[in-house]
Structures are given as structure tokens and as C-alpha cells.
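All residue numbers for the sequence shown refer to the working numbering, where the first residue is 1 and numbers rise by one.
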Amino acid sequence: MSKGEKVRVKIKVYGIVQGVGFRYFILRHARYLGLNGYVKNLHDGSVEIVAEGDRPNVERLIELARQGPSSAHVERIEVYYSDYKGEFQGFYIIY
């Protein structure tokens, strides 16, 4: 694996992750890491993150999602890797 390998990941985060600033936490870190994609709340109380970019930065975002902001309580996460598509420009919150 080269350092510049680009990947796509879908992360589902479960626990106390809505109404606690979790999406803004992910938004801030994803933009800092130069990732593209989105974060959104789901109806089941979880949060979905789709991110694309260099593998090391995507893996860092996964660790940050596992940790969450201090106001959140992450019980578990699910991570699904797939092929990089390059379909996003920037990183956003979907409402």
C-alpha cells in the first residue's frame, strides 16, 4: 500500500452521538484531514459518515469517530471500506 492510496469508507457510529456536537466534531476533523464526503444523523439515533481521501487520513478519521467529542458516548462503530469514487468536493453535514 502506498501512502497516497485513496480509499472510501462508510462509518456508522452508535451510542449517544446525536445532539452532542458529534457531526461538527467530525466535520472539523475531516476538513482538517483534507477528506471529502459527508456526515449525517440517521433516524435510528446513529450517525453515518462517508469519507474519501488518502488512506492514513481516512484511518485517522475512523479513530476520531471511535473516540468522539467529550460530550458523546460512542458504544460501537461499523466500518465499511470500498473503492475510491471521487464523487465529493469538500466535506459537509447533511441535514
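Backbone N, C-alpha and C define an ideal beta-carbon position, used for all residues, glycine too.
query                                                                           : result
Beta-carbon proximity check, Val50 vs Gly37, cutoff 9 Å                         : yes
The ligand PLP heavy atom lying under 8 Å from the CB of Leu35                  : As for the ligand PLP, it is missing from this structure, which has no ligand bound.
For His73, the three-state DSSP class (helix, strand or coil)                   : strand
Cβ pair Val14, Glu75 closer than 9 Å                                            : For the record, residue 14 in the displayed sequence is Tyr; it is not Val. Closer than 9 Å, so yes.
Option nearest Leu42 by Cα separation, candidates Tyr84, Val79, Gly90 and Lys12 : Lys12
Pair within 9 Å by beta-carbon distance, Leu27 and Phe91                        : yes
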